[in-house]
Ligand code: ADP
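In my numbering, the protein residues as written are 6 to 251.
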């Protein structure tokens, strides 16, 4: 069953008088693929920034699992609370193999500064193998990450973020620059990932949103204009006026 994992109450992000997020109420539920759409400048990126702590809220509350208040925490502390973000630009280690990249991510979870090769427990080893299968790179595990195709690099990075075992994963336009086949694989991957966590995605590609969304939030001028299934979003007159119909 889906439960509220994250709740924003009256969140304000004010950049010198410009309200990029304007007293926003917003909730994220577990086990859901949740897209955020809206015109340029609507505040979508700022929403992800304020959730992961990259940008501080000027006012309001952000609460995880109905108890942990996030607004005062630093970005690294928020990761430890269970919210991880994958940025658009890949940040994998190009010269390391696929497997080694996942090992580094595993070590970051264990201890940020311990980069010495440790012996993995069976449980850790099976977690890494599970990730390699999930992203379809098991057979490529000994290849340098730099030699992977664009889509594969993105999936590897998603797997690295998943090694943090987040309750919520934040993605910025995950299919940017991908082929049709890669987009489909990414959609399938996201659907699988959302089986036991929330995935919050900023996306412009409406075909992709339509295909994979459980819920869609439409932002406009730092506020929520509409929220519902993609079908409901597409037939809402307000949304058509400010975004889809243009
Ligand atoms: P979106 O992702 O929906 O295109 P953004 O969240 O990037 O929108 O931006 C919302 C608005 O806030 C934009 O008008 C943008 O110029 C402004 N903005 C974003 N970050 C800053 C910042 N650091 N300082 C000032 N204005 C900002």
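From the three backbone atoms N, C-alpha and C, an ideal C-beta is built for every residue, glycine too.
Note that this is a predicted model, so its numbers are computed, not measured.
Let's test the definition: count the other Cβ atoms within 10 Å of the Cβ of residue i and tell me whether it reaches 16, buried, or not, exposed.
{"i": "residue 197", "result": "exposed"}
{"i": "residue 225", "result": "buried"}
{"i": "residue 184", "result": "exposed"}
{"i": "residue 194", "result": "buried"}
{"i": "residue 58", "result": "buried"}
{"i": "residue 188", "result": "buried"}
{"i": "residue 112", "result": "buried"}
{"i": "residue 200", "result": "exposed"}
{"i": "residue 91", "result": "buried"}
{"i": "residue 154", "result": "exposed"}
{"i": "residue 240", "result": "exposed"}
Name the residue from the options whose alpha carbon lies nearest to the alpha carbon of residue i.
{"i": "residue 106", "options": "164, 62, 55 and 83", "result": "164"}
{"i": "residue 87", "options": "212, 172 and 180", "result": "172"}
{"i": "residue 248", "options": "134, 112 and 211", "result": "211"}
{"i": "residue 102", "options": "176, 60 and 161", "result": "161"}
{"i": "residue 10", "options": "35, 17 and 23", "result": "35"}
{"i": "residue 167", "options": "149, 132 and 189", "result": "132"}
{"i": "residue 178", "options": "73, 13 and 39", "result": "39"}
{"i": "residue 54", "options": "22, 37, 73 and 17", "result": "17"}
{"i": "residue 19", "options": "56, 139 and 62", "result": "62"}
{"i": "residue 129", "options": "108, 215, 142 and 190", "result": "108"}
{"i": "residue 79", "options": "89, 72 and 70", "result": "89"}
{"i": "residue 227", "options": "23, 7 and 12", "result": "23"}
{"i": "residue 229", "options": "21, 188, 32 and 8", "result": "32"}
{"i": "residue 190", "options": "157, 219, 169 and 201", "result": "157"}
{"i": "residue 180", "options": "98, 77, 217 and 72", "result": "217"}
{"i": "residue 96", "options": "220, 159, 214 and 134", "result": "159"}
{"i": "residue 170", "options": "182, 127, 110 and 149", "result": "110"}
{"i": "residue 174", "options": "151, 150 and 203", "result": "203"}
Going along the chain, which residues of its own chain have a beta-carbon closer than 8 Å to the beta-carbon of residue i, five neighbours each way excluded?
{"i": "residue 15", "result": "28, 29, 30, 64, 65 and 66"}
{"i": "residue 7", "result": "34, 35, 36 and 37"}
Counting only beta-carbon separations shorter than 8 Å, does residue i have a partner in chain D?
{"i": "residue 71", "result": "In the structure shown, chain D cannot be found, because there is only a single protein chain."}
Skipping 5 residues on each side, what residues in its chain have a beta carbon closer than 6 Å to that of residue i?
{"i": "residue 104", "result": "146"}
{"i": "residue 244", "result": "223, 231 and 238"}
{"i": "residue 143", "result": "137"}
{"i": "residue 13", "result": "29, 31 and 67"}
{"i": "residue 176", "result": "91 and 206"}
Would you list the one or two residues that DSSP bridges to residue i?
{"i": "residue 9", "result": "34"}
{"i": "residue 56", "result": "Answer is none; residue 56 lacks a bridge partner."}
{"i": "residue 20", "result": "23"}
{"i": "residue 183", "result": "None, per the DSSP bridge assignment."}
{"i": "residue 39", "result": "205 and 220"}
{"i": "residue 44", "result": "DSSP, once it has assigned bridges, lists no residue as partnering residue 44."}
{"i": "residue 102", "result": "149"}
{"i": "residue 128", "result": "Residue 128 is not bridged to any residue."}
{"i": "residue 68", "result": "12 and 74"}
{"i": "residue 228", "result": "225"}
{"i": "residue 89", "result": "174"}
{"i": "residue 233", "result": "221"}
With a CB to CB cut of under 7 Å and the five nearest residues on each side skipped, what residues in its chain are close to residue i?
{"i": "residue 49", "result": "41, 43, 207 and 224"}
{"i": "residue 26", "result": "16, 17, 18, 48, 51, 52, 55 and 227"}
{"i": "residue 214", "result": "40, 42, 208, 221 and 235"}
Would the stretch 75-94 count as touching the stretch 44-51 if we require 3 or more Cβ pairs under 8 Å? Touching, no.
Is there contact between the stretch 231-244 and the stretch 197-207, where contact requires at least three CB pairs shorter than 8 Å? Because the criterion of three Cβ pairs below 8 Å is not met, the stretch 231-244 and the stretch 197-207 do not touch.
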